[in-house]
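Residue numbers (our numbering): -6 to 569. All C-beta atoms in this analysis are idealised placements derived from N, C-alpha and C, irrespective of residue type, glycine included. As the structure is a computational prediction, the values presented were derived from the model and not from experiment. Below is one structure; the comments refer to it alone.
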């Protein structure tokens, strides 16, 4: 069990106490302990075996005992008993935008609304609107949120899917006869959310039966069907898995089938037929049945007279182009990064100090770090008032002298207020090296209102980067509606950037806007929005989805030297 897993279960127990309206002090203690546990750098096993678990801030004897019980059995007694007292559907209610533990408890206790279906019925029948504290506007908001949650059912966040894929890979490659494991589908295409996990297992023809027998006994997967060529099962956290076992000679065709979207693969098969070939699940042949030798999926495109399409771009037929007529741009890579922008420290709601973040970045080979703590309007996130901003600047100056040539850039994530103004005045904004402007409140806007609000912020000469432009949280809320062409045109006119927020819960800017933004000359930094050192690594998820643009290193300020980025920030003080 990881620290993150344990912290999630501690928070789950605190949530149960909130729903049961019991012992708020104990609930707060478990929440604080969970946050402290997440901030540690050692693994849970290391903390536990070394006896340092109790030295973690907020982890007293009771919490330590709960954690050790978690390590042994996956849960602890108090949590198990509390969960039994709360209807399971009540936890789903908490996924509804704007519906917290207090309101969920009221729905459960006062109206016997214990799941999403019951909430929908209560809204349609007008019963919710008659409850104290639930008006017509609230009902409409809940109904829209439930509809969104229904549309997202069966999908999973990218980082969760990657974690499961690695667990599954480890279990499968432990089978001696397995030669390789390949994951396809939306995971291979870099999608921000994942449906089922498409899995290919490769083994020699003579060993296929042995491998299949071993796979049937995997503890981590509950197989519902293993009789056909394509197996189906359910893994941890409800992940649906589709798996096939093939010999090496089928890798090229099967990988292409498994990776491309249905529209892309269908268009490719039709094109193959028009050109005198037949593309099947396990092979490529000529119309007369003569096999075509291909070793990789890229070879199939070449054999059909096409440019090989990178996996990330296999969404539709639009990327099928004749060989030699077009060269797909090289997308930005992790190795291209020189610095990371938009990180939070303990000055606001981050878990690590400026020094700790600088040490981690410097040790990772980066040349700069952009600190962007919250502005004063974000009181919930310990947003900085001007005097605290200046204190932070002084500390950054001292650290920069110590860490040179590594450099910490003085930034802010400044709230965009309801009328599009910035939360700090222009005099203070002028003192920052860079300014990220973001919306964190007032999400209930029309498309015109939201876009106008964002565009007005971009007009401020001190704003450099627009942060998470839709405010979405994947699989939780769609964010406020935005007119992408209008926003991109405005950013281009005023010489501003739009971030691709790489936090795996956001991945916002949506990858579907990348091509239009870069064509307009709008730079797109890949920012982790990190609140702890481990969060700095979230740029990898941004890189995955950036490949779908594709976003090149040239158009990504994260790959520029610090001096180039700062010169660019100065260049748009006046609109074009």
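For residue 135, is the classification buried or exposed, using 16 other Cβ atoms within 10 angstroms of its Cβ as the cut-off for buried? Your numbering for residue 135 matches position 142 in the chain shown. Under this definition residue 135 is a buried residue.
Going by Cα to Cα distance, which pick from 245, 541, 255 is closest to residue 294? In the chain shown, residue 294 corresponds to position 301, counting from 1. When each option's Cα is compared against that of residue 294, the closest is 245.
Determine which residues share a DSSP beta bridge with residue 361 and list them. To locate residue 361, count along the chain shown from 1; it is residue 368. Beta-bridge pairing links residue 361 to 332, 400.
Any idea what DSSP makes of residue 337, helix, strand or coil? The count along the chain shown starts at 1 and reaches residue 337 at position 344. Three-state DSSP puts residue 337 in coil, outside helix and strand.
Using the three-state DSSP reduction, which class does residue 30 fall into: helix, strand or coil? For the purposes of this step, residue 30 is identified with residue 37 of the chain shown, where counting begins at 1. Residue state, collapsed to three classes: helix.
Please report how far the alpha carbon of residue 527 lies from the alpha carbon of residue 123, in whole angstroms. The count along the chain shown starts at 1 and reaches residue 527 at position 534. The count along the chain shown starts at 1 and reaches residue 123 at position 130. A direct Cα-Cα distance of roughly 46 Å separates residue 527 from residue 123.
Three-state secondary structure (DSSP) of residue 549: In the chain shown, counting from the first residue as 1, residue 549 sits at position 556. The DSSP-derived three-state label of residue 549 is coil.
Run through DSSP, which three-state label would residue 169 get? Here the question's residue 169 lines up with position 176 in the chain shown. Of the three classes helix, strand and coil, the one that applies to residue 169 here is coil, per DSSP.
Near the ligand ATP: residue 205 beta-carbon under 7 Å from a heavy atom: This structure lacks the ligand ATP; in fact it carries no ligand of any kind.
Contact between the segment 115 to 133 and the segment 155 to 173 (3+ Cβ pairs under 8 Å): No, the segment 115 to 133 does not touch the segment 155 to 173.
Just to confirm my understanding: we take residue 350, look at its own chain, exclude 5 residues before and 5 after, and list those with CB closer than 7 Å. What are they? Counting from 1 along the chain shown, the entry for residue 350 is found at position 357. Excluding residues within five positions, the ones whose Cβ falls inside 7 Å are 336, 338, 362, 526.
From the DSSP output, which residues share a beta bridge with residue 408? Residue 408 sits at position 415 when you count from the first residue of the chain shown. Residue 408 pairs with 431.
Which residue or residues does DSSP assign as beta-bridge partners of residue 196? Here residue 196 refers to the residue found at position 203 when the chain shown is read from its first residue. Residue 196 pairs with 171.
Buried or exposed by the 16-neighbour rule on C-beta atoms within 10 Å, applied to residue 323: Here residue 323 refers to the residue found at position 330 of the chain shown. Exposure of residue 323 is indicated by the presence of fewer than 16 other C-beta atoms within 10 angstroms of its C-beta.
Unbroken alpha helix (DSSP H) run spanning residue 226, endpoints: Residue mapping note: residue 226 aligns to position 233 of the chain shown, counting from 1. That residue, residue 226, is in no alpha helix (DSSP H); its beta strand (DSSP E) goes 224 to 227.
Mapping the DSSP letters down to three states, classify residue 24 as helix, strand or coil. By one-based count along the chain shown, residue 24 stands at place 31. The DSSP-derived three-state label of residue 24 is helix.
Please return the same chain residues whose Cβ sits closer than 7 Å to the Cβ of residue 277, not counting the five positions on each side in sequence. What you label residue 277 is simply residue 284 of the chain shown in a count that begins at 1. Cβ within range, chain order: 246, 270, 285, 287, 293, 296.
Residue 516 burial status per 10 Å Cβ neighbour count (16 or more: buried): As a first step, residue 516 is located in the chain shown; it is residue number 523 there, counting from the start. It is buried - the Cβ of residue 516 has at least 16 other Cβ atoms within 10 Å.
Report, in whole angstroms, the separation of the C-beta atoms of residue 340 and residue 309, which I expect to be a contact under 8 Å. In the chain shown, the residue the question calls residue 340 occupies position 347. In the chain shown, the residue the question calls residue 309 occupies position 316. Incorrect: roughly 45 Å between the Cβ atoms, too far for contact.
Roughly how many whole angstroms lie between the Cα atoms of residue 570 and residue 71? Coverage of the chain is limited to positions -6 through 569, which leaves residue 570 absent and any answer about it impossible.
Are there 16 or more other CB atoms within 10 angstroms of the CB of residue 210, so buried, or fewer, so exposed? Your numbering for residue 210 matches position 217 in the chain shown. Residue 210 is exposed by the Cβ-count criterion.
Straight-line Cα distance separating residue 437 from residue 410: Numbered from 1 along the chain shown, position 417 holds the residue referred to as residue 410. Numbered from 1 along the chain shown, position 444 holds the residue referred to as residue 437. Rounded to the nearest whole angstrom, the CA to CA distance from residue 410 to residue 437 is 13 Å.
Ignoring anything shorter than 4 residues or poking outside the segment 33 to 89, list the alpha helix (DSSP H) runs there in chain order. For secondary structure counted as the alpha helix (DSSP H) over 4 or more consecutive residues, the segment 33 to 89 holds these complete runs in sequence order: 37 to 42, 54 to 66, 70 to 78, 81 to 86.
For residue 299, tell me which candidate among 429, 227, 291 has the shortest Cα-Cα distance. As a working note, residue 299 is residue 306 in the chain shown. That would be 291, whose Cα lies nearest to the Cα of residue 299.
With 16 as the cutoff for other CB atoms within 10 Å, does residue 541 come out buried or exposed? For the purposes of this step, residue 541 is taken as residue 548 along the chain shown, with counting starting at 1. So residue 541 ends up on the buried side.
At the level of alpha carbons, what is the spacing between residue 465 and residue -1? Taking the chain shown and counting its residues from 1, the one referred to as residue 465 is at position 472. Taking the chain shown and counting its residues from 1, the one referred to as residue -1 is at position 6. Within the model, the alpha-carbon separation for residue 465 versus residue -1 is close to 27 Å.
Host alpha helix (DSSP H) of residue 207 (start-end): For this step, residue 207 is matched to residue 214 along the chain shown. 201 to 209 is the span of the alpha helix (DSSP H), which, as asked, contains residue 207.
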